[in-house]
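Here's the structure, in structure tokens; my notes come after.
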Ligand code: PEP
Ligand code: MN
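Residue numbers (my numbering): 185 to 553.
Structure, rendered in structure tokens:
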């Protein structure tokens with residue numbers, strides 16, 4: 185299923201150069217005029233950055249933390265723009281922010297993760313943008329809810345904004361991991377599948393939460409064909425007022441970008457397309473046989489369900505399930521499949537089997553004669 189949004193290509197509104205990813209960088213927060221200008225100058229000197237970002241209204245989890253420098257930051261951003269030529273981008277979280285950002289001629293707006301979660305907030309921003317032609321980037325909501333992300337994009341698009349992009353910044357998760365926000369790549373891939381024309385950028389800084397991981401997440405985003413990266417950079421991250429652990433110096437950013445491998449959807453190798461088509465055909469055939477086998481398996485599951493129903497036996501028999509898990513996990517391992525992968529697939533198959541058998545349990549017994 186495809187969704188119908190009216191969206192312009194990224195190259196219509198962002199300074200992207202020949203197939204390279206759009207690089208948006210700048211501090212998490214504008215702190216002082218010097219900090220912002222010095223950071224912007226060094227980012228410009230790398231020659232690898234396309235847009236300058238800075239948060240000036242900061243949505244903070246707890247009150248009492250630095251909540252952004254406010255509208256004065258817009259003046260600093262404009263000074264940085266005059267000096268470096270960078271288009272400037274800020275986060276807006278309500279109609280007043282939009283109004284002030286528009287007055288200050290900000291080039292690109294973004295909606296933060298804490299705003300995308302709230303349809304009232306997004307609608308307020310959308311209403312303030314009616315009749316305005318400005319690029320807007322919508323970060324994913326804090327929680328892993330694809331509809332909420334799509335809903336925000338639809339609200340902004342509904343206000344007439346066609347210069348639209350999504351930013352994948354990861355999702356808050358109860359389970360603690362190496363990441364500050366779990367990437368949950370599947371959600372970004374689903375978004376791309378539903379709205380193929382929508383440019384998706386990645387924000388590795390907020391996914392990683394620590395600068396060491398940023399190159400890996402960036403490369404993965406590029407390999408998934410995301411069209412750009414938003415990476416927080418600070419003249420001296422060790423003293424940053426917000427997100428100190430995840431900011432990088434402009435020099436480190438420059439080195440990181442040099443290390444990226446840019447892969448393309450097509451290759452110059454003349455045999456590439458034929459070889460790829462051949463391999464894909466094999467995959468298609470294997471997928472077909474996997475589904476055929478799954479269908480056959482479910483038929484037997486149904487027969488077992490009927491047999492259990494007719495003999496008043498419960499659906500779930502834990503010992504049998506344990507046996508399946510153990511045998512298949514060992515087989516999977518021998519086939520070089522990751523344990524987690526084997527378990528996930530088995531669990532999916534098992535829960536579908538239980539669902540089918542539950543439906544059968546609720547039907548009348550066959551006449552056992
Ligand atoms: C930010 O970009 O500084 C920010 C607050 O990000 P997010 O909305 O993704 O948390
Ligand atoms: Mn930040």
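Note that beta-carbon positions come from the ideal geometry of N, C-alpha and C, so glycine has one too.
Nothing here was measured: the structure is a model prediction, and the numbers come from that model.
Checklist entry - Are the beta-carbon atoms belonging to residue 220 and residue 277 less than 8 angstroms from one another? => result To locate residue 220, count along the chain shown from 1; it is residue 36. To locate residue 277, count along the chain shown from 1; it is residue 93. Contact: no.
Next on the checklist: Tell me the rounded alpha-carbon separation between residue 203 and residue 266.
Outcome noted: For this step, residue 203 is matched to residue 19 along the chain shown. For this step, residue 266 is matched to residue 82 along the chain shown. The straight-line gap from Cα to Cα measures roughly 27 angstroms.
Checklist entry - Are residue 213 and residue 425 close, meaning C-beta to C-beta below 8 angstroms? => result As a position in the chain shown, residue 213 is number 29, starting the count at 1. As a position in the chain shown, residue 425 is number 241, starting the count at 1. Yes, the pair counts as a contact, with Cβ atoms nearer than the cut-off.
Checklist entry - Which of the three DSSP states, helix, strand or coil, is assigned to residue 508? => result Here residue 508 corresponds to residue number 324 of the chain shown, with the count starting at 1. Of the three classes helix, strand and coil, the one that applies to residue 508 here is helix, per DSSP.
Checklist entry - Would the beta-carbon of residue 434 fall within 8 angstroms of that of residue 223? => result Within the chain shown, numbered from 1, the residue matching residue 434 stands at position 250. Within the chain shown, numbered from 1, the residue matching residue 223 stands at position 39. Yes, Cβ-Cβ distance for residue 434 and residue 223 is below 8 angstroms.
Checklist entry - To the nearest whole angstrom, what separates the beta carbons of residue 241 and residue 252, a pair I think is in contact under 8 angstroms? => result As a position in the chain shown, residue 241 is number 57, starting the count at 1. As a position in the chain shown, residue 252 is number 68, starting the count at 1. Confirmed, about 4 angstroms.
Checklist entry - Should residue 355 go down as buried or exposed, given a rule of 16 or more other Cβ atoms within 10 Å for buried? => result Position 171 of the chain shown, counted from the start, is the residue given in the question as residue 355. Per the 10 Å Cβ criterion, buried.
Item to check | residue 414 - containing beta strand (DSSP E), residue span | outcome: If you number the chain shown from 1, residue 414 lands on position 230. 412-416 is the extent of the beta strand (DSSP E) around residue 414.
Checklist entry - Any residues whose CB sits closer than 5 angstroms to a heavy atom of the ligand MN? List them in chain order? => result 212 and 427
Item to check | Limits of the unbroken beta strand (DSSP E) element including residue 275 | outcome: One-based indexing of the chain shown puts residue 275 at position 91. From DSSP, the beta strand (DSSP E) with residue 275 extends over 272-275.
Next on the checklist: Quick check: what's the CA-CA separation for residue 442 versus residue 436?
Outcome noted: In the chain shown, residue 442 corresponds to position 258, counting from 1. In the chain shown, residue 436 corresponds to position 252, counting from 1. Computed Cα separation, rounded: 10 angstroms.
Checklist entry - Got a sec: does the ligand PEP put a non-hydrogen atom nearer than 7 angstroms to the Cβ of residue 311? => result The count along the chain shown starts at 1 and reaches residue 311 at position 127. Every heavy atom of the ligand PEP is 7 angstroms or more from the Cβ of residue 311, so no.
Checklist entry - Taking the alpha helix (DSSP H) that residue 391 falls in, what are its first and last residues? => result Taking the first residue of the chain shown as position 1, residue 391 is located at position 207. Segment 388-392, the alpha helix (DSSP H) holding residue 391.
Checklist entry - Does the Cβ of residue 448 have 16 or more other Cβ atoms within 10 Å, making it buried, or fewer, making it exposed? => result Residue numbering aside, residue 448 sits at position 264 when the chain shown is read from its first letter. Exposed, by the Cβ-count rule.
Checklist entry - Expressed to the nearest angstrom, what Euclidean distance is found between the alpha-carbon atoms of residue 409 and residue 386? => result Residue mapping note: residue 409 aligns to position 225 of the chain shown, counting from 1. Residue mapping note: residue 386 aligns to position 202 of the chain shown, counting from 1. If I take the Cα positions, the gap works out to 10 angstroms.
Next on the checklist: Using a Cβ-based criterion (distance less than 7 angstroms to any ligand heavy atom), does residue 323 qualify as near the ligand PEP?
Outcome noted: Position 139 of the chain shown, counted from the start, is the residue given in the question as residue 323. Yes - the ligand PEP has a heavy atom lying nearer than 7 angstroms to the Cβ of residue 323.
Next on the checklist: Assess contact between the region 476-494 and the region 516-527, defined as three or more Cβ pairs (one per stretch) separated by less than 8 angstroms. Is contact present?
Outcome noted: no
Next on the checklist: Could you check whether residue 383 and residue 403 sit closer than 8 angstroms to each other, using their CB atoms as the reference points?
Outcome noted: One-based indexing of the chain shown puts residue 403 at position 219. One-based indexing of the chain shown puts residue 383 at position 199. No; because the gap between Cβ atoms is not below 8 angstroms, this pair is not in contact.
Checklist entry - Residue range of the alpha helix (DSSP H) that residue 321 falls in? => result As a working note, residue 321 is residue 137 in the chain shown. Per DSSP, residue 321 belongs to no alpha helix (DSSP H); it is in the beta strand (DSSP E), 320-323.
Item to check | Residue range of the unbroken beta strand (DSSP E) whose run includes residue 235 | outcome: Stepping through the chain shown from its first residue, residue 235 is reached at position 51. Start and end: 235-237.
Checklist entry - So does residue 296 have its beta carbon nearer than 7 angstroms to some heavy atom of the ligand PEP? => result Counting from 1 along the chain shown, the entry for residue 296 is found at position 112. Residue 296 Cβ: within cutoff of the ligand PEP.
Item to check | Per-residue DSSP class, three states only, for residue 356 | outcome: Within the chain shown, the letter at position 172 stands for residue 356. Coil.
Item to check | residue 542, buried or exposed, once every other Cβ within 10 Å from all chains shown has been counted against 16 | outcome: The count along the chain shown starts at 1 and reaches residue 542 at position 358. So residue 542 counts as exposed.
Checklist entry - Taking C-beta to C-beta, are residue 226 and residue 419 nearer than 8 angstroms? => result As a working note, residue 226 is residue 42 in the chain shown. As a working note, residue 419 is residue 235 in the chain shown. Against a cut-off of 8 angstroms, the Cβ pair of residue 419 and residue 226 comes out as a contact.
Item to check | Start and end residues, alpha helix (DSSP H) containing residue 210 | outcome: Along the chain shown, one-based indexing puts residue 210 at 26. Element bounds for residue 210: not the alpha helix (DSSP H) but the beta strand (DSSP E), 206-210.
Next on the checklist: Using 8 angstroms as the threshold, is the C-beta distance between residue 325 and residue 371 below it?
Outcome noted: For the purposes of this step, residue 325 is identified with residue 141 of the chain shown, where counting begins at 1. For the purposes of this step, residue 371 is identified with residue 187 of the chain shown, where counting begins at 1. The answer is no: Cβ separation not under 8 angstroms.
Checklist entry - At a cut-off of 7 angstroms, is residue 353 close to the ligand PEP when judged by its beta-carbon and the heavy atoms of the ligand? => result In the chain shown, residue 353 corresponds to position 169, counting from 1. Because some heavy atom of the ligand PEP lies under 7 angstroms away, the Cβ of residue 353 counts as near it: yes.
Next on the checklist: Quick check: what's the CA-CA separation for residue 464 versus residue 514?
Outcome noted: Within the chain shown, numbered from 1, the residue matching residue 464 stands at position 280. Within the chain shown, numbered from 1, the residue matching residue 514 stands at position 330. When rounded, the distance between both Cα atoms is 28 angstroms.
Item to check | Residues that residue 292 bridges to, as DSSP identifies them | outcome: Here the question's residue 292 lines up with position 108 in the chain shown. 273, per the DSSP bridge assignment.
Item to check | Whole-angstrom distance between residue 468 and residue 462, CA atom to CA atom | outcome: Working through the chain shown from its first residue, we reach residue 462 at position 278. Working through the chain shown from its first residue, we reach residue 468 at position 284. Cα to Cα, residue 462 sits roughly 10 angstroms from residue 468.
Item to check | Selected residue, minimal CA-CA separation from residue 299, among 271, 339 and 291 | outcome: Looking up residue 299 in the chain shown gives position 115. Looking at the Cα atoms, 339 is the closest of the given residues.
Checklist entry - Rounded C-beta distance between residue 550 and residue 494? I'm assuming under 8 angstroms. => result As a first step, residue 550 must be located in the chain shown, where it is residue number 366. As a first step, residue 494 must be located in the chain shown, where it is residue number 310. Right, their Cβ atoms sit about 5 angstroms apart.
Next on the checklist: Just to confirm before moving on: does the CB-CB distance between residue 363 and residue 406 stay below 8 angstroms?
Outcome noted: Start at 1 with the first residue of the chain shown, and residue 363 comes out as number 179. Start at 1 with the first residue of the chain shown, and residue 406 comes out as number 222. For residue 363 and residue 406, no; Cβs fall outside 8 angstroms.
Checklist entry - Around the Cβ of residue 292, are there at least 16 other Cβ atoms within 10 angstroms (buried) or fewer (exposed)? => result Numbered from its first residue, the chain shown carries residue 292 at position 108. So residue 292 counts as buried.
Checklist entry - Hey, is residue 239 close to the ligand PEP, as in C-beta under 7 angstroms from one of its heavy atoms? => result For the purposes of this step, residue 239 is identified with residue 55 of the chain shown, where counting begins at 1. Result yes, Cβ under 7 angstroms from the ligand PEP.
Next on the checklist: Is the beta carbon of residue 258 closer than 8 angstroms to that of residue 285?
Outcome noted: The residue given as residue 285 occupies position 101 in the chain shown. The residue given as residue 258 occupies position 74 in the chain shown. Going by C-beta atoms, residue 285 is nearer than 8 angstroms to residue 258.
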